[in-house]
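Student: Provided herewith is a single structure, encoded as structure tokens, for subsequent inquiry.
Protein chains in written order, with this note's numbering: chain A, 1 to 239; chain B, 240 to 392.
So, in structure tokens, the structure goes:
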């Protein structure tokens, strides 16, 4: 039985074709990705420059991402919050903004049952709302209490930051601005307010002002004992 | 004959490489081809019946390594397909006149996109001006857009 298409020949041909087509598809997809591991976006917050009564970063975040109030300030969505920390031994008080820390080993990504929480190659930790089922495991897992749940119907969303009822949300580091070559709204607002307490940049680029400052000065992570390797670092804060 | 046996699988392999997969060619309602200004086709009927597949493709392309492709995002859809109310300003999806809402209501299909996404164009200041009329076609809208861009310069 010498058929032209033996079973073996057919399987070999099919396997080769599959591998080639897959390779081709992956090759084209790879070129389109803008987020690369060469970049690690991050922030350095200088708590010493963070003014006491100023909330310019919080307000800018609300405006940029259309986090409209429901006239219940205690439960309104906020992606940044100002905290006040006192060292019990020394009495040293520091005030600084806390948002999603964009951790390299993010607990929210690890616990997400649907893969909705994910970390982009450039270090941003985001929520894919198309996959989010609103289970809120990530909110429990986050050691910084950075995530929130949208309880109510949303309207008048900002085009750059879609958000809807039944999903979890957090600071995206203004990913829509970063992708367009800009910097986060909070950083801009802080600079505009004249404090300049927030510095945005790329940790992996040695020529970037952020990377230079991170090398030259002690920048601490919040809750360093958890080894989350956050992309948001602080100066003037006792760890 | 043995030589022929060796050649035929190679020819088969080459054919498979350079021809589109049969399944894609046999599915005419979804012409997944190169996008033309964010569309698969300029044929209204094709886009009417397939826009949800196009949106799903864009959605899957954006995750998990989000790519800045604003030109083909839903944001761009609502920017070009803007509808104006009586005050000449763009209307949101809450208004029955909205481009998407109009058809969805007629077809009795729920419109879920705008429970999260913005239904108003915001990144194209020109489109928000009351003096601009609705475009009847994509070509007209494109001409408006290019004229506005030229005017800004």
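Even for Gly, the Cβ is constructed at its ideal location relative to N, Cα and C.
In chain A, what lies closer than 7 Å to residue 314 (chain B) by C-beta?
Tutor: By Cβ distance, chain A contributes 159.
Student: Contact between the stretch 122–137 of chain A and the stretch 34–52 of chain A is defined here as three or more beta-carbon pairs at a separation below 8 Å; is this criterion met?
Tutor: These segments touch.
Student: Can you give me the C-alpha to C-alpha distance between residue 284 (chain B) and residue 338 (chain B), rounded to a whole angstrom?
Tutor: Going by the C-alpha atoms only, they are around 15 Å apart.
Student: Could you check how far apart the C-beta atoms of residue 230 (chain A) and residue 68 (chain A) are, in whole angstroms? I think they sit under 8 Å.
Tutor: Not confirmed; about 28 Å, so no contact.
Student: Counting only the same chain and skipping the five closest in sequence on each side, list residues whose C-beta sits under 8 Å from that of residue 92 (chain A).
Tutor: Same-chain partners within the cutoff: 86, 238.
Student: Excluding the 5 residues flanking residue 70 (chain A) on each side, which residues of the same chain have their C-beta closer than 8 Å to its C-beta?
Tutor: Here the set comprises 76, 152.
Student: With DSSP collapsed to three states, give me the class of residue 118 (chain A).
Tutor: In this structure, residue 118 (chain A) counts as strand in the three-state DSSP scheme.
Student: Would residue 330 (chain B) be called buried (16 or more neighbouring beta carbons within 10 Å of its own) or exposed?
Tutor: Its Cβ being crowded by 16 or more others within 10 Å, residue 330 (chain B) is buried.
Student: Please list the terminal residues of the continuous beta strand (DSSP E) segment that includes residue 125 (chain A).
Tutor: Here the beta strand (DSSP E) through residue 125 (chain A) covers 125–127.
Student: Three-state secondary structure (DSSP) at residue 168 (chain A)?
Tutor: In the structure shown, residue 168 (chain A) sits in a strand (DSSP, three-state: E or B).
Student: Once the 5 residues before and after residue 154 (chain A) are set aside, which same chain residues still bring their CB inside 7 Å of it?
Tutor: Around residue 154 (chain A): 163, 164, 165.
Student: Here's a check: name, in chain order, each residue in its chain whose Cβ is nearer than 6 Å to the Cβ of residue 332 (chain B), leaving out the five neighbours to either side.
Tutor: Counting only Cβ-Cβ distances below 6 Å, and skipping sequence neighbours, we find 340, 353, 358.
Student: Using a Cβ-Cβ cut-off of 8 Å, state whether residue 162 (chain A) counts as contacting chain B.
Tutor: Answer yes: the Cβ-Cβ gap between residue 162 (chain A) and chain B drops below 8 Å somewhere.
Student: Is it buried or exposed, residue 299 (chain B), if we count other Cβ atoms within 10 angstroms and call 16 or more buried?
Tutor: Its Cβ having fewer than 16 others within 10 Å, residue 299 (chain B) is exposed.
Student: Kindly say whether residue 7 (chain A), judged by its beta-carbon, lies nearer than 8 Å to any beta-carbon of chain B.
Tutor: By this cut-off, residue 7 (chain A) is not an interface position.
Student: Could you have a look at residue 345 (chain B) and say whether DSSP puts it in helix, strand or coil?
Tutor: Three-state result, residue 345 (chain B): helix.
Student: With C-beta atoms as the reference, is residue 143 (chain A) less than 8 Å away from residue 223 (chain A)?
Tutor: Yes, they are a contact pair.
Student: Give the residues from the stretch 340–356 of chain B that approach chain A closer than 7 Å (Cβ to any Cβ), ordered along the chain.
Tutor: The residues in question are 354, 355, 356.
Student: How many whole angstroms separate the CB atoms of residue 236 (chain A) and residue 94 (chain A), which I take to be in contact at a CB cut-off of 8 Å?
Tutor: That pair is a contact at about 6 Å.
Student: I'd like to know whether the C-beta of residue 198 (chain A) is nearer than 8 Å to at least one C-beta of chain B.
Tutor: With 8 Å as the cut-off, residue 198 (chain A) does not count as an interface residue toward chain B.
Student: Any beta carbon of chain A sitting closer than 8 Å to that of residue 286 (chain B)?
Tutor: Taking Cβ atoms only, chain A never reaches closer than 8 Å to residue 286 (chain B), which makes this a no.
Student: What residues in its chain sit with their C-beta under 6 Å from that of residue 116 (chain A), if we drop five residues either side in the sequence?
Tutor: These residues qualify, in order along the chain: 127, 128, 131, 132.
Student: Residue 130 (chain A) versus chain E: which residues are under 7 Å apart at the beta carbon?
Tutor: The structure shown contains no chain E; the protein chains it does contain are A and B.
Student: If we ignore side chains and look at the alpha-carbon of each, how far apart do residue 45 (chain A) and residue 58 (chain A) end up?
Tutor: Straight-line Cα distance between these residues: approximately 14 Å.
Student: I need the straight-line Cα distance from residue 33 (chain A) to residue 349 (chain B), nearest angstrom please.
Tutor: Because the pLDDT of residue 33 (chain A) is 40, which lies under 50, any placement of that residue in the model is unreliable, and the number read from its coordinates should be weighed accordingly. Using only the alpha carbons, I get a separation of about 33 Å.
Student: Thinking residue 196 (chain A) and residue 211 (chain A) are a contact (beta carbons under 8 Å), I'd like their distance in whole angstroms, please.
Tutor: Not a contact, Cβ separation roughly 17 Å.
Student: For residue 235 (chain A), report the span of its beta strand (DSSP E) as first-last.
Tutor: Segment 232–235, the beta strand (DSSP E) holding residue 235 (chain A).
Student: If contacts are defined as beta-carbon pairs under 8 Å, then residue 149 (chain A) and residue 175 (chain A) qualify, I think. What distance do you get, rounded to the angstrom?
Tutor: That belief does not hold up - the Cβ atoms of residue 149 (chain A) and residue 175 (chain A) are roughly 20 Å apart, past 8 Å.
Student: The alpha helix (DSSP H) spanning residue 139 (chain A) covers which residue range?
Tutor: Element bounds for residue 139 (chain A): 137–141.
Student: Give me the DSSP bridge partner(s) of residue 198 (chain A).
Tutor: In the DSSP output, where bridge partners are listed per residue, residue 198 (chain A) has A:45.
Student: Compute the Euclidean distance between the alpha carbons of residue 219 (chain A) and residue 232 (chain A), then round it to the nearest angstrom.
Tutor: Distance between the alpha carbons of residue 219 (chain A) and residue 232 (chain A) is about 9 Å.
Student: Do residue 170 (chain A) and residue 147 (chain A) have their C-beta atoms closer together than 8 Å?
Tutor: Contact flag set, yes.
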